[in-house]
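Everything below concerns the one structure shown next.
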Amino acid sequence: MDDEPVLGPASVGLYAASAVCWAEVLTADRHGRATRVAVDTPEGISEWPVAGHAREIAALRPGDRVVALLDPSDQGLYLVHALADADEPPRAGLERRPDGSYLLRAEYGGVRLEVAGAELELGADGTVRIDAEAVETRARGEQRIRGARVAIN
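Residue numbers are given in the working numbering: position 124 of the sequence shown equals residue 124, and the series is strictly consecutive.
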C-alpha cells in the first residue's frame, strides 16, 4: 500500500463529506443556531442552508466565521467549528486551569445548572439564585451571611 495521501471525499461515519470550507453566518435563529451561511468559491459567493451543527459550537450570530462540511447530497452545510476574531475573548466554555480547578465563562446572559428540578443560576447582573426542594449549607468553621439587607422568609 502506498502512503500517499488520498484526495477526495473524507469519510465521516456512514457518510462522506465532499468538501471542507470557510463560511460566514448570514442568519441565525433566536437560539444562536445558524440557518444560512455564505461561502466564497471561485465561482463567486453562494448562500447555503445549514443542515446541522456540531454540539460544541456556541451560539452564533450573523458575521461569525465557521468551518463547514458540505453534504454530498447538496442538502446543506454541517458547521463543525466557529472561528474567533483576533480581539475576541473566549466564548462560553469550560476551561481547566493549571491548579486543576475549572472555570466556566458565559459571554451573554447567565449560567444555569439544572438537575432533577433543582436550579443554581448565576445572573449576568451579578445575582445568584438557588431554587430547590431543599437547600443545605455546611461549614467546618464560621459561616457568614452578609448583605446590605438580609431577609429571612
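Backbone N, C-alpha and C fix where the C-beta goes; we use that ideal spot for every residue, glycine too.
List the endpoints of the continuous beta strand (DSSP E) containing Gly-117. Element bounds for Gly-117: n/a, residue is neither H nor E.
So does the region 109-118 actually touch the region 80-89, counting three or more Cβ pairs closer than 8 Å? At 8 Å Cβ cutoff, the stretches do not touch.
Do you know offhand how far Ala-134's Cα is from Arg-140's? Cα to Cα, Ala-134 sits roughly 20 Å from Arg-140.
Would you mind reading off the limits of the beta strand (DSSP E) that contains Val-25? In the DSSP annotation of this structure, the continuous segment of the beta strand (DSSP E) that includes Val-25 starts and ends at 19-28.
I'd like the list of long-range same chain contacts for Asp-131, defined as Cβ closer than 6 Å, with 5 residues on each side in sequence excluded. Contacts found: Glu-119.
With 16 other Cβ atoms within 10 Å as the buried cut-off, status of Ala-151: So Ala-151 counts as exposed.
Excluding sequence positions up to five away, which residues of its chain have a Cβ less than 8 Å from the Cβ of Ile-45? Counting only Cβ-Cβ distances below 8 Å, and skipping sequence neighbours, we find Ala-38, Val-39.
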